[in-house]
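Single-structure report; data block below.
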Amino acid sequence: MDKIKINKEYQKKIKDLIKLNKYYYELSKPLVEDQEYDQIKSEIFSLEKKYNFLKSEDSPSKKVGYRPSKTFKKVFHKVSMLSLSNAFSEEDLINFEKKIINFLDKDSSFEIEYSAEPKIDGISASLTYQKGKFIMGLSRGDGKEGEDITQNLKTINDIPKEILIKDFPTDIDIRGEVFIGNKDFEKIKDKFANPRNAASGSLRQKNPNDTKKIPLKFIAYTFGHEKGMKVKKQNEYLQRLTEWGFKTNPLNKTLKGVQNLMNNYYEIEKKRNEIDFDIDGIVYKINDFDLQKRLGNVANSPRWAIAHKFSANKGISKILNIDIQVGRTGALTPVAKINPLNIGGVVVSNATLHNEDEIIRKDIRINDTVVVERAGDVIPHVVSVDVKKRKKESKKFFFPKKCPCGYETIKEYNKITKKFDAVRRCPDRGFDCDRMAKERLKHFVSKEGFNIDGFGKKIVENFWDLKLVRLPQDIFNLNYKKIESLDGWGKQSVLNLKYAIDDKKNISFERFIYSLGIRHIGFENAKLIAKTLKSSESFVNLSKDDKFDDLLNIDGIGETQINSIKNFFKNKTNLNIINNLQKILNIKKAIENKKGGILSNKTFMLTGKLNGISRAEAKSLIEKNSGSIISNVSKKLDYLIIGEKPTNRKIEAAKELNIKIINQSEWLRLINKTG
Ligand code: IVH
67 MDKIKINKEY QKKIKDLIKL NKYYYELSKP LVEDQEYDQI KSEIFSLEKK
117 YNFLKSEDSP SKKVGYRPSK TFKKVFHKVS MLSLSNAFSE EDLINFEKKI
167 INFLDKDSSF EIEYSAEPKI DGISASLTYQ KGKFIMGLSR GDGKEGEDIT
217 QNLKTINDIP KEILIKDFPT DIDIRGEVFI GNKDFEKIKD KFANPRNAAS
267 GSLRQKNPND TKKIPLKFIA YTFGHEKGMK VKKQNEYLQR LTEWGFKTNP
317 LNKTLKGVQN LMNNYYEIEK KRNEIDFDID GIVYKINDFD LQKRLGNVAN
367 SPRWAIAHKF SANKGISKIL NIDIQVGRTG ALTPVAKINP LNIGGVVVSN
417 ATLHNEDEII RKDIRINDTV VVERAGDVIP HVVSVDVKKR KKESKKFFFP
467 KKCPCGYETI KEYNKITKKF DAVRRCPDRG FDCDRMAKER LKHFVSKEGF
517 NIDGFGKKIV ENFWDLKLVR LPQDIFNLNY KKIESLDGWG KQSVLNLKYA
567 IDDKKNISFE RFIYSLGIRH IGFENAKLIA KTLKSSESFV NLSKDDKFDD
617 LLNIDGIGET QINSIKNFFK NKTNLNIINN LQKILNIKKA IENKKGGILS
667 NKTFMLTGKL NGISRAEAKS LIEKNSGSII SNVSKKLDYL IIGEKPTNRK
717 IEAAKELNIK IINQSEWLRL INKTG
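See the structure below:
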């Protein structure tokens, strides 16, 4: 079949679905039986899976529920709605607590008080109250900008429309979760995949009368922008919420110490099935608002909170075979091909075995019966083997010492842990290993990289097999004539592809860095580096002038990342790629959005230990006030801050250059703080 025909068939199905949706949701007059509806939906999914050129904004894969977001006005949140980082084990919690203690420069005996709140799996919403009146309600959206769903939220009984209590702040965004109770979901479960979908679908109805038909609930747990709130702790805030007329989670607790968090976690996990709403973990928040403020945020999530996820759903299956996958960074990952099984609504047929040591430790063999776990978005993995069910045909797996590309693999020595890595790697020889090269190209075009429309993983595979691409720059020098003659391609689709590729020749510096696929440099790190170095020229100069240590100034970049960048530049192919790309692309300089804080344009350097505040926090305080930190005493330095036991050499150098030398309290006075 040719592409046009397939697309026509696909668009027709989408159109049919839109019509069915309209009759079902808007007019409440279903045209077909549910099975038929589901059938069309799954046909659309399988077409999209098979042909990745198929695209439609109206595809059910693009949206939860029915209403397109266009129908709601978009409004910026005054304070962004953040997400939470996840913890899965006691160890993760211990690390979370350690990081906080280090950041706050407390000693290890410092007891942190937490508000432990069961994490409801619903849809978050932000409700603006001014002078006690509910005036606007927004969905989370992308965290920065939400949809105005005020009218729909007004239909929810748990949301007070007017609050006449004296201490209710004059201006506040109350935030919480909209959800549907499990019993209520029972009544409508044929129409939605799960309670969360039902809540989302209902909230996004165009007609509030339709929202009203599905009994939604609201539980409040935090706030965004506020004026006039005199509360100092999260548990106090939760208490106040109930006085103001909001519902809060009856299972919220105030706790201290990881051991108590763990006990509470197990207790609530046991009760999970008895509760009338879905919870998928426990959120821990530092109780004290002053400490929360000091801790601030990293990227999109606060340093002061974490979501401790419940262990996911498990299932039993059989290992049919073990494959070796090679990742972008050369890591060889053993993947078990298993008898497909349904875990929590998702069909799982692959499960990771992590690495060689794991296979040995768990004694995993081909044909074994195993327990497979799937936790949230994390890749399913094999938890354990049921040795009692082991049969004669079970076969030991010998981990290959060679990469499928033919190279000998290595286990790296970790200087910090003084141990060899558990992971076996194909050494980075630029793009010599075809497996790695393919993965690196996929990374190059990925969403946070070049994100070329219509040029996804499958096209990379396809073009690789046809020898159309080997290195990133090949993407910009494609043989379009050849592509046009390929099965499934035509004049128009090639034109579209060319347009999409040319469009991405203008690229931001941060995307450029990310797309290079340097180990340990994910999108957040790429952003940090771009912000500091500003242009791709200075990025290249890092290696020319051996100025890698400059990167140590960046909060979040450490030795591991710097070593990895150094290694990257050591490789000739990598240098050649950057060189070529610089010629082809217009890499936009990173623009700093200076907020004009008190320390604007001022540079600082720290020497010695500060009192009651960690280096990380000092750095974050300086940056919050628009100042920056540098690591060398040079003419560029404005202030040298000295703590206990400073390095004398630095002080001498600063004196020589007439740089202002200040102590901790003088520095804190500069930012209007007392210390
Ligand atoms: S606090 C920065 N508290 O979890 C603080 N969130 O991944 C973030 N959630 O979008 C919100 N129960 O939908 C908070 N007690 C609770 C919560 C909770 C559920 C959801 C919420 C948010 C997501 C964060």
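The numbering of the sequence shown is our numbering, which starts it at 67 and goes up by one. Yeah, the Cβ is synthetic: ideal placement off N, Cα and C, and Gly gets one too. From a predicted model like this one, the values you see are computed outputs, not experimental measurements.
Mind reading off the beta-carbon distance from residue 666 to residue 692? Whole number of angstroms is fine, and I expect it under 8 Å. Translated into positions along the sequence shown, residue 666 becomes position 600. Translated into positions along the sequence shown, residue 692 becomes position 626. Contact between residue 666 and residue 692 holds, since their C-beta atoms are separated by about 4 Å, short of 8 Å.
In three-state DSSP terms, what is residue 117? Counting from one through the sequence shown, the residue named residue 117 turns up at place 51. In the structure shown, residue 117 sits in coil (DSSP, three-state: anything other than H, G, I, E or B).
Contacts around residue 190, its chain only, beta-carbon distance under 6 Å, and the 5 residues preceding and following it disregarded: The residue given as residue 190 occupies position 124 in the sequence shown. Hits under 6 Å: 206, 243.
Between residue 650 and ligand 1, is there a pair consisting of the residue's CB and a ligand heavy atom that are separated by less than 8 Å? Position 584 of the sequence shown, counting from 1, holds the residue named residue 650. Not so, every heavy atom of ligand 1 lies at least 8 Å from the Cβ.
Between the alpha carbons of residue 416 and residue 504, how many angstroms are there, rounded? Counted from its first residue, the sequence shown places residue 416 at position 350. Counted from its first residue, the sequence shown places residue 504 at position 438. Distance between the alpha carbons of residue 416 and residue 504 is about 20 Å.
Could you tell me how far apart the beta carbons of residue 185 and residue 373 are, in whole angstroms, since I believe they sit closer than 8 Å? Within the sequence shown, the letter at position 119 stands for residue 185. Within the sequence shown, the letter at position 307 stands for residue 373. Contact flag correct, Cβ pair sits at about 6 Å.
Applying the 10 Å Cβ sphere with the 16-neighbour rule, what's the burial state of residue 755? Nothing about residue 755 can be reported from this structure: the residues present for the chain run from 67 to 741 only.
Is it true that the stretch 590-609 meets the stretch 642-654, where meeting means three or more beta-carbon pairs spaced less than 8 Å apart? yes
Check whether the Cβ atoms of residue 614 and residue 595 sit closer than 9 Å, and answer yes or no. Working through the sequence shown from its first residue, we reach residue 614 at position 548. Working through the sequence shown from its first residue, we reach residue 595 at position 529. No, Cβ-Cβ distance for residue 614 and residue 595 is not below 9 Å.
Do you know offhand how far residue 608's Cα is from residue 315's? The residue you call residue 608 lines up with position 542 of the sequence shown. The residue you call residue 315 lines up with position 249 of the sequence shown. Cα to Cα, residue 608 sits roughly 52 Å from residue 315.
DSSP beta-bridge partners for residue 189? Numbered from its first residue, the sequence shown carries residue 189 at position 123. Answer is 244.
What are the start and end residues of the alpha helix (DSSP H) that includes residue 720? For the purposes of this step, residue 720 is taken as the residue at position 654 of the sequence shown. Here the alpha helix (DSSP H) through residue 720 covers 714-722.
Using a Cβ-based criterion (distance less than 8 Å to any ligand heavy atom), does residue 743 qualify as near ligand 1? Within the shown structure, residues of the chain are numbered from 67 to 741, placing residue 743 beyond reach of any answer.
Which residue wins for smallest C-alpha separation from residue 715, given the options 574, 703, 699, 528? Translated into positions along the sequence shown, residue 715 becomes position 649. Of 574, 703, 699, 528, the residue nearest in Cα terms is 699.
Proximity winner among 221, 224, 194, relative to residue 212 (alpha-carbon distances): Within the sequence shown, the letter at position 146 stands for residue 212. Nearest of 221, 224, 194 to residue 212, Cα basis: 194.
Which one or two residues does DSSP pair with residue 477 in a beta bridge? Counting from one through the sequence shown, the residue named residue 477 turns up at place 411. Paired residues: 490.
Can you have a look at residue 332 and say buried or exposed, based on whether 16 or more other CB atoms are within 10 angstroms of its CB? Here residue 332 is taken as the residue at index 266 of the sequence shown, counted from 1. Exposed, because fewer than 16 other Cβ atoms sit within 10 Å of the Cβ of residue 332.
Is it the case that the Cβ atoms of residue 438 and residue 383 are separated by a distance below 9 Å? Within the sequence shown, residue 438 is the residue found at index 372, counting from 1. Within the sequence shown, residue 383 is the residue found at index 317, counting from 1. Cβ distance < 9 Å, so residue 438 and residue 383 count as in contact.
Between the beta-carbon of residue 583 and the beta-carbon of residue 509, is there less than 9 Å? Along the sequence shown, one-based indexing puts residue 583 at 517. Along the sequence shown, one-based indexing puts residue 509 at 443. Closer than 9 Å, so yes.
Identify every residue that forms a DSSP beta bridge with residue 223. Against the sequence shown, residue 223 aligns to sequence position 157. Bridge partners of residue 223: none, in fact.
In whole angstroms, what separates the C-alpha of residue 281 from that of residue 405? As a working note, residue 281 is residue 215 in the sequence shown. As a working note, residue 405 is residue 339 in the sequence shown. Each residue's Cα considered, the two are about 39 Å apart.
Could you check whether the stretch 170-179 touches the stretch 223-232, counting it as contact only if at least three pairs of C-beta atoms, one from each stretch, sit closer than 8 Å? The stretch 170-179 makes no contact with the stretch 223-232, as fewer than three CB pairs between them are under 8 Å.
Tell me whether residue 268 is buried or exposed, calling it buried when 16 or more other Cβ atoms sit within 10 Å of its Cβ. Residue mapping note: residue 268 aligns to position 202 of the sequence shown, counting from 1. So residue 268 counts as buried.
For residue 535 versus residue 581, is the C-beta distance shorter than 9 Å? Sequence index remark: in the sequence shown, residue 535 carries index 469 (1-based). Sequence index remark: in the sequence shown, residue 581 carries index 515 (1-based). No, these two residues do not count as a Cβ contact at 9 Å.
Over what stretch of residues does the beta strand (DSSP E) that includes residue 285 continue unbroken? As a first step, residue 285 must be located in the sequence shown, where it is residue number 219. From DSSP, the beta strand (DSSP E) with residue 285 extends over 282-293.
Buried versus exposed, by CB contacts within 10 Å (16 or more), residue 250: As a first step, residue 250 is located in the sequence shown; it is residue number 184 there, counting from the start. Buried, because 16 or more other Cβ atoms sit within 10 Å of the Cβ of residue 250.
Short check: CB of residue 634 to CB of residue 585, under 9 Å? One-based indexing of the sequence shown puts residue 634 at position 568. One-based indexing of the sequence shown puts residue 585 at position 519. Closer than 9 Å, so yes.
So, residue 432 versus residue 462, is the Cβ gap smaller than 9 Å? As a first step, residue 432 must be located in the sequence shown, where it is residue number 366. As a first step, residue 462 must be located in the sequence shown, where it is residue number 396. In this structure, residue 462 lies closer than 9 Å to residue 432 by Cβ.
Who does residue 729 pair with in a DSSP beta bridge? If you number the sequence shown from 1, residue 729 lands on position 663. Looking at the DSSP assignment, residue 729 forms a beta bridge with 708.
Could you check if residue 735 is buried or exposed, using at least 16 other CB atoms within 10 Å of its CB as the buried criterion? Sequence index remark: in the sequence shown, residue 735 carries index 669 (1-based). The residue is exposed, with fewer than 16 neighbouring Cβ atoms inside 10 Å.
Name, in chain order, the residues that DSSP records as bridge partners for residue 447. If you number the sequence shown from 1, residue 447 lands on position 381. BP columns for residue 447 point to 418, 439.
For a cutoff of 9 Å on Cβ pairs, would you count residue 214 as touching chain B? Any reference to chain B falls outside this structure, which holds one protein chain only.
Which residue comes first and which comes last in the alpha helix (DSSP H) that contains residue 279? Here residue 279 corresponds to residue number 213 of the sequence shown, with the count starting at 1. Run containing residue 279: 274-279, per the alpha helix (DSSP H) assignment.
For residue 284, which residues in the same chain have their Cβ closer than 6 Å to its Cβ, ignoring the five residues on either side in sequence? For the purposes of this step, residue 284 is taken as the residue at position 218 of the sequence shown. Residues of the same chain with a CB within less than 6 Å of the CB of residue 284, apart from the 5 flanking positions on each side, are 222, 224, 225, 242, 244 in chain order.
Among 377, 355, 307, whose alpha-carbon lies nearest the alpha-carbon of residue 334? The residue you call residue 334 lines up with position 268 of the sequence shown. Considering only alpha carbons, the answer is 377.
Can you tell me where the beta strand (DSSP E) with residue 213 in it begins and where it stops? Numbered from its first residue, the sequence shown carries residue 213 at position 147. In this chain, the beta strand (DSSP E) harbouring residue 213 covers 211-213.
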